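Sequential numbering of the sequence shown, starting at 1, is according to UniProt numbering.
From the three backbone atoms N, C-alpha and C, an ideal C-beta is built for every residue, glycine too.
Values in this document were obtained by computation on a predicted structure and should not be read as measured data.
Take a look at the structure set out below.
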Amino acid sequence: MAKGLTADELRTEPEDVLVTKLKEAKEELFNLRFQAATGQLDNHGRLRQVKREIARIYTVMRERELGIVTVAEEPEAQEDVKSND
């Protein structure tokens with residue numbers, strides 16, 4: 001089974017990279033849907049993978065918008081606490 005992007009990998013990416021990956025994934029999804037409609041799609045599982053990648057990217061972007069602590073931010077926060085002691 002092919003492995004796509006994980007949420008942990010996406011959390012370490014800067015915002016502009018996420019936007020770029022989102023745009024690319026949406027373009028790929030459009031092309032896959034077009035191939036499916038014309039009967040040219042070979043790998044139907046790829047549709048599901050791309051949809052999930054898009055959902056993961058949106059989830060990470062929303063976490064940042066809400067200020068939820070992410071994996072990439074945790075070590076920095078712990079260093080700040082240690083330096084204040």
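Applying the 10 Å Cβ sphere with the 16-neighbour rule, what's the burial state of residue i?
{"i": "Q49", "result": "buried"}
{"i": "E53", "result": "buried"}
{"i": "R56", "result": "buried"}
{"i": "A37", "result": "exposed"}
{"i": "residue 98", "result": "The structure shown does not extend to residue 98, since the chain is modelled only from 1 through 85, so no value can be given for it."}
To the nearest whole angstrom, what separates the beta carbons of residue i and residue j, a pair I think is in contact under 8 Å?
{"i": "L32", "j": "L47", "result": "5 Å"}
{"i": "L10", "j": "L18", "result": "7 Å"}
Hey, could you find the ends of the alpha helix (DSSP H) residue i is sitting in?
{"i": "D16", "result": "E15 to T38"}
{"i": "T59", "result": "G45 to L66"}
{"i": "D8", "result": "A7 to R11"}
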